[in-house]
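Residue numbers (the working numbering): 32 to 243.
Reading through the structure tokens given below for one structure.
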Ligand code: ADP
Ligand code: MG
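Shown next as structure tokens:
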């Protein structure tokens, strides 16, 4: 059954599925970072997601904001590199925007993405077009904003599609932030590794909410 909204326990299960998907994608995420950076993105994300799974398994979350925030904090304290700060901020600031909600729905998704994207852009300084994870995140945020009145599973599907389109479009960009910056025009032709992670995160949430 496609979900209209998720309870706190279902939100924990959804984020546990996200962690599993990122862990399983470690080889492709490492490969993406080898093309443009230092090749450690998959391993860093994997380490972060193992910490996330351990934290989620402790339970005791009273509202959905606490679940997302705990995920962000587990990532920040376990991952190094740019992505520890950036992805940790996405989940921590996104979670904070949910302020005590007992369910996660399409309106919550839009709030999460608004708070998370603002946090990432403030903390990391990247703008759309710099060839970072922001190029998948910002289109996802815009899609979620337009999907607030849809059932959660449909809102997540259009959000995931926007993130995937942003990841694909990042191939054609010249990197102006992060390690890939030094490559200049040689960065054209490969998608950004962090944008690949963003696409996996929202596609996995959509698949979970669709009841698969
Ligand atoms: P590092 O660059 O420290 O090796 P990772 O390889 O784990 O870290 O992550 C690289 C990813 O982090 C990039 O693909 C990009 O999406 C993201 N990133 C790097 N710098 C920034 C930034 N300033 N703002 C947003 N995202 C960034
Ligand atoms: Mg790297």
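Using N, Cα and C, we set each Cβ at its ideal position, and we do this for glycine too.
Please indicate yes or no: does the CB of residue i lie closer than 7 Å to some heavy atom of the ligand ADP?
| i | result |
| --- | --- |
| residue 148 | no |
| residue 83 | no |
| residue 223 | yes |
| residue 218 | no |
| residue 75 | yes |
| residue 163 | yes |
| residue 68 | yes |
| residue 123 | no |
| residue 210 | yes |
| residue 49 | no |
May I ask you to report which of helix, strand or coil DSSP gives residue i?
| i | result |
| --- | --- |
| residue 129 | coil |
Could you check if residue i is buried or exposed, using at least 16 other CB atoms within 10 Å of its CB as the buried criterion?
| i | result |
| --- | --- |
| residue 223 | buried |
| residue 177 | exposed |
| residue 231 | buried |
| residue 219 | exposed |
| residue 130 | exposed |
| residue 108 | exposed |
| residue 93 | exposed |
| residue 58 | exposed |
| residue 215 | exposed |
| residue 86 | buried |
| residue 169 | buried |
| residue 235 | buried |
| residue 153 | exposed |
Between residue i and the ligand MG, is there a pair consisting of the residue's CB and a ligand heavy atom that are separated by less than 7 Å?
| i | result |
| --- | --- |
| residue 71 | yes |
| residue 115 | no |
| residue 119 | no |
Measure how close the beta-carbons of residue i and residue j come, nearest whole angstrom, since I'm counting them as under 8 Å.
| i | j | result |
| --- | --- | --- |
| residue 137 | residue 186 | 4 Å |
| residue 228 | residue 53 | 6 Å |
| residue 156 | residue 118 | The pair is not a contact, with the Cβ atoms about 15 Å apart (cut-off 8 Å). |
| residue 68 | residue 211 | 6 Å |
| residue 113 | residue 184 | Not really, about 32 Å apart at Cβ, beyond 8 Å. |
| residue 3 | residue 150 | There is simply no residue 3 to check, as the chain begins at 32 and stops at 243 in what is shown. |
| residue 164 | residue 70 | The pair is not a contact, with the Cβ atoms about 17 Å apart (cut-off 8 Å). |
Those runs of the alpha helix (DSSP H) which lie wholly inside the region 136–220 and span at least 4 residues
For the region 136–220, whole alpha helix (DSSP H) runs of length 4 or above, ordered along the chain, are 137–155, 165–177 and 183–200.
Runs of beta strand (DSSP E) wholly within the region 69–106 (minimum 3 residues, chain order):
Fully contained in the region 69–106 is no beta strand (DSSP E) run of length 3 or more.
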